[in-house]
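Chemist: Protein sequences appear in the order of chains A and B.
So that you can map any letter, position 270 of the first sequence is 433 in our numbering, and since no number is skipped, the others follow by simple counting.
So that you can map any letter, position 20 of the second sequence is 183 in our numbering, and since no number is skipped, the others follow by simple counting.
2 protein chains.
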Amino acid sequence: MRDFSADPSPLALNTATLGHNMDGRGAGWSPERLIDACAARGFGGIVFWRREIGGRAVEIGNRVRDAGMAVTGLCRAPFLVGPMAPKGRSAVMGDFCAAIDMAAGLGAPVLTIVVGGVEPGTRGVVESLKRVTDRVAEAAPYAAARGVKLALEPLNPVYGGDRSCLTTTRDALDICDAIGAPNLGVAIDVYHVWWDTDLPRQLARAGTRIFGFHLCDWLADTTDFLLDRGMMGDGVADLRALRAGVEGAGYRGACEVEIFSAKTWWTREPAEVLDVILQRFATVC
Amino acid sequence: MRDFSADPSPLALNTATLGHNMDGRGAGWSPERLIDACAARGFGGIVFWRREIGGRAVEIGNRVRDAGMAVTGLCRAPFLVGPMAPKGRSAVMGDFCAAIDMAAGLGAPVLTIVVGGVEPGTRGVVESLKRVTDRVAEAAPYAAARGVKLALEPLNPVYGGDRSCLTTTRDALDICDAIGAPNLGVAIDVYHVWWDTDLPRQLARAGTRIFGFHLCDWLADTTDFLLDRGMMGDGVADLRALRAGVEGAGYRGACEVEIFSAKTWWTREPAEVLDVILQRFATVC
């Protein structure tokens with residue numbers, strides 16, 4: 164395993180960690196201010212959300228690189244299925260391509276896909292996963308032509324109804340196998356997979372198809388599954404074992420900190436949050 | 164598959180469905196009133212919670228049978244591990260045995276086990292599951308001697324931290340295999356397993372080791388994972404496919420309705436809730 168105790172360069176900040184998406188309550192930091200703050204602390208990368216980029220993808224991507232960092236990913240493709248997806252297949256695919264274009268413009272190597280929930284009018288996840296497969300298969304060549312990898316992110320089953328009918332790394336790899344595109348892989352997020360005893364086997368199966376590794380922690384007594392993720396070290400996920408799994412499979416990419424935390428971390432000063440992340444990354448990840 | 168359209172006899176009521184455990188806000192129905200209401204509607208069984216029984220296990224069990232029904236199960240063993248378990252192994256095992264005794268007194272063939280969360284001082288689920296295995300292995304012969312079967316119930320991974328480090332049917336069957344006791348099996352609850360694409364394979368593996376099947380539904384837009392379960396037909400779980408799986412494995416036991424629903428069903432008149440259950444059981448289960 165890589166030694167992070169004195170090297171923060173594998174560390175990437177997902178901007179959600181600073182509360183960007185809490186309407187009216189976010190830190191309000193511009194991408195530029197955020198880039199400077201991360202660069203000053205030795206972070207190696209940043210992952211933006213589309214809403215922060217607007218028409219400035221090329222400009223912001225260059226700004227990150229000028230600061231000595233990389234844009235390691237972009238959040239995210241639209242929901243492809245389910246009650247929260249754009250209405251109709253063509254609307255979904257149009258927005259999917261727009262997200263790919265933005266990733267290309269930013270110079271982000273990976274676009275994360277949260278697939279969406281159960282398709283209205285259907286039950287269970289089987290039919291929805293078929294439609295996901297169909298839509299990802301269509302988008303994969305478009306992304307490949309623009310140098311963008313697609314990372315299917317399985318979400319904790321608590322999101323199965325409306326946000327992600329894709330709940331396990333096994334299912335994500337089944338879709339990757341079915342499509343067989345070289346630019347299609349998975350993103351492994353501690354929050355979503357920490358409980359899965361099948362994960363070690365699936366990570367070995369994934370091999371070089373792990374395109375992202377997301378850090379946070381699972382708080383044992385959490386009561387809010389949307390905005391109560393823990394800082395690394397504050398929960399019960401076995402962070403070292405999880406990283407050993409992804410690195411054992413060959414992963415050497417960024418470790419992306421993504422913490423939605425309305426009552427704790429989003430109420431702190433962004434600079435303080437970044438300092439805590441650095442310290443935890445060096446000691447418990 | 165069995166035809167329930169005109170036969171409610173496989174239907175069992177888990178008393179939690181009427182809000183028994185909402186302190187100060189429950190229906191306040193005595194076990195006797197509940198027994199009469201279920202019997203009058205043709206329910207075949209009742210599953211009680213320990214707090215409702217106190218020292219009256221034999222009396223209440225006989226009352227159920229006199230009404231022409233069966234006590235189909237008892238909720239539940241204490242948490243065996245994790246932050247909410249009794250403190251210390253001997254306290255856990257003492258209460259575990261007390262729960263088994265109560266099941267025997269009631270004439271309940273099955274005691275449900277919710278195993279508890281991640282053991283304090285450990286990370287991930289592996290060590291906690293080992294301790295669960297150790298404790299269930301010790302209790303299984305005690306239960307067998309009293310004619311009680313033990314049903315390990317995997318819970319939705321959202322409960323992984325504090326209520327159940329056991330989150331999949333696969334893990335539950337791994338524990339059953341490791342212990343090898345003939346009175347040890349699993350309980351399959353729609354709320355906890357509806358998302359699991361590995362379930363059909365695991366149900367086939369389980370075979371005659373399925374000791375319970377619990378009905379409710381998963382509401383697509385749920386925001387509360389403690390007290391917001393849906394009535395059958397109101398969510399996105401594929402109830403028919405799930406039942407086909409358990410019956411395909413050989414299950415012919417009760418279908419137990421267990422709905423924790425603080426804002427919806429617990430606010431309705433218990434008699435009305437029972438009527439809705441009957442109607443849904445005949446049409447969508």
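Note that beta-carbon positions come from the ideal geometry of N, C-alpha and C, so glycine has one too.
Just so it is clear, the structure is predicted and the values come from calculations on it, not from any experiment.
In whole angstroms, what separates the C-alpha of B:Glu421 from that of B:His377?
Modeler: Their backbone Cα atoms lie some 6 Å apart in a straight line.
Chemist: For B:Ala271, count the other beta carbons within 10 Å of its own beta carbon; 16 or more makes it buried, fewer makes it exposed. Which is it?
Modeler: By the 10 Å Cβ count, B:Ala271 comes out buried.
Chemist: Could you check how far apart the C-beta atoms of A:Gly279 and A:Phe242 are, in whole angstroms? I think they sit under 8 Å.
Modeler: At roughly 3 Å, the Cβ-Cβ gap stays under 8 Å, so A:Gly279 and A:Phe242 are in contact.
Chemist: Can you tell me which residues form a DSSP beta bridge with B:Ser424?
Modeler: Answer by DSSP bridge pairing, in chain order: B:Asp391.
Chemist: Can you give me the C-alpha to C-alpha distance between B:Ala425 and A:His355, rounded to a whole angstrom?
Modeler: Approximately 27 Å between the Cα atoms of the pair.
Chemist: A:Trp212 bridges to which residues according to DSSP?
Modeler: Bridge partners of A:Trp212: A:Cys238.
Chemist: Please classify A:Arg415 as buried or exposed, where buried requires at least 16 other C-beta atoms within 10 Å of its C-beta.
Modeler: With fewer than 16 other Cβ atoms within 10 Å, it is exposed.
Chemist: Taking beta-carbon pairs under 8 Å, can you tell me which members of the stretch 307-330 of chain A lie near chain B?
Modeler: Flagged, chain order: Asn319, Pro320, Val321, Gly323, Gly324, Asp325, Cys328 and Thr330.
Chemist: State the Cα-Cα distance for the pair A:Ile223 and A:Gly287, rounded to the nearest angstrom.
Modeler: Each residue's Cα considered, the two are about 41 Å apart.
Chemist: Which of the three DSSP states, helix, strand or coil, is assigned to B:Ala412?
Modeler: Looking at B:Ala412 - three-state DSSP - the assignment turns out to be coil, as it is neither helix nor strand.
Chemist: Which residues in chain B have a C-beta closer than 7 Å to the C-beta of A:Leu382? List them in chain order.
Modeler: Per Cβ cutoff of 7 Å: Gly324.
Chemist: B:Asp384 and A:Asp325 look like a contact to me (Cβ under 8 Å); what is the Cβ gap, rounded to whole Å?
Modeler: About 5 Å; that satisfies the 8 Å criterion.
Chemist: With a threshold of 8 Å between beta-carbons, can B:Ala369 be considered close to chain A, or not?
Modeler: So no, B:Ala369 is outside the interface.
Chemist: Taking the Cβ atom as the reference point for each residue, do A:Gly257 and A:Met232 lie within a distance shorter than 8 Å?
Modeler: No. Outside cutoff.
Chemist: Check for me: the alpha helix (DSSP H) holding B:Val436 runs from which residue to which?
Modeler: Residues Pro433 to Thr446.
Chemist: What would DSSP say about B:Phe374, mapped onto helix, strand or coil?
Modeler: Reduced to three states, the DSSP call for B:Phe374 is strand.
Chemist: For B:Cys328, which of helix, strand or coil comes out of DSSP?
Modeler: Residue state, collapsed to three classes: coil.
Chemist: Listing by chain order, which chain E residues have their CB less than 8 Å from the CB of B:Arg333?
Modeler: Checking the listed chains, one finds no chain E in this structure; the protein chains it contains are A and B.
Chemist: Residue range of the alpha helix (DSSP H) that A:Lys125 falls in?
Modeler: With chain A running from 164 to 448 in the structure shown, residue 125 of chain A is simply not present.
Chemist: In chain B, which residues lie with their C-beta within 8 Å of the C-beta of A:Ala400?
Modeler: Neighbours of A:Ala400 on chain B, chain order: Arg286 and Gly287.
Chemist: Rounded to a whole number of angstroms, what is the C-alpha to C-alpha distance between A:Arg333 and B:Gly268?
Modeler: The alpha-carbon atoms of A:Arg333 and B:Gly268 are separated by roughly 44 Å.
Chemist: Could you name the residues of the stretch 396-424 of chain B whose beta carbon sits closer than 9 Å to any beta carbon of chain A, in the order they occur along the chain?
Modeler: Listed in sequence order: Gly398, Val399, Ala400, Asp401, Leu402, Arg403, Ala404 and Leu405.
Chemist: Leaving aside the five residues before and after A:Arg309 along the sequence, list all residues of the same chain whose C-beta is less than 8 Å from its C-beta, in chain order.
Modeler: Same-chain partners within the cutoff: Ile263, Asp264, Ala266 and Ala267.
Chemist: I want to verify the contact list: residues of chain B whose CB lies under 8 Å from the CB of A:Trp428, in sequence order.
Modeler: Going along chain B, no residue has its Cβ under 8 Å from A:Trp428, so there is no contact; the nearest lies around 18 Å.
Chemist: May I ask you to list the residues that DSSP assigns as paired with A:Ala175?
Modeler: DSSP output for A:Ala175 lists A:Gly208 and A:Glu419 as bridge partner(s).
Chemist: Looking at the unbroken alpha helix (DSSP H) that takes in B:Val353, where does it start and where does it end?
Modeler: Val353 to Val356 is the span of the alpha helix (DSSP H), which, as asked, contains B:Val353.
Chemist: For chain B, check one thing: does any of its Cβ atoms lie closer than 8 Å to the Cβ of A:Pro246?
Modeler: Chain B contact via Cβ: present.
Chemist: Bridge partners of B:Lys312, per DSSP?
Modeler: Answer is B:Val273, bridged to B:Lys312.
Chemist: Quick check on the DSSP output: the alpha helix (DSSP H) that includes A:Ala220 runs from which residue to which?
Modeler: Run containing A:Ala220: Ala220 to Asp229, per the alpha helix (DSSP H) assignment.
Chemist: Smallest Cα separation from A:Asp380: which of A:Val447, A:Leu237, A:Val289 and A:Val311?
Modeler: Minimum Cα distance to A:Asp380 is reached at A:Val447.
Chemist: Is there a C-beta anywhere in chain A that falls below 8 Å from the one on B:Phe444?
Modeler: No, its Cβ sits nowhere closer than 8 Å to a Cβ of chain A.
Chemist: Applying the criterion that 16 or more other CB atoms from any shown protein chain within 10 Å of the CB defines a buried residue, is B:Leu318 buried or exposed?
Modeler: Buried is the call here.
Chemist: Going by other Cβ atoms of all chains shown within 10 Å of its Cβ, with 16 needed for buried, is B:Lys312 buried or exposed?
Modeler: That one is buried.
Chemist: Reducing DSSP to helix, strand and coil, say where B:Gly187 ends up.
Modeler: Annotation note: pLDDT 46 at B:Gly187 (below 50); position unreliable, coordinate value reported separately. In this structure, B:Gly187 counts as coil in the three-state DSSP scheme.
Chemist: Does the structure place the stretch 287-303 of chain B close enough to the stretch 208-218 of chain B that three or more beta carbon pairs sit under 8 Å?
Modeler: The stretch 208-218 of chain B, when compared against the stretch 287-303 of chain B, does not touch it at the 8 Å Cβ threshold.
Chemist: To the nearest angstrom, how far is the alpha carbon of B:Ala367 from that of B:Gly348?
Modeler: When rounded, the distance between both Cα atoms is 13 Å.
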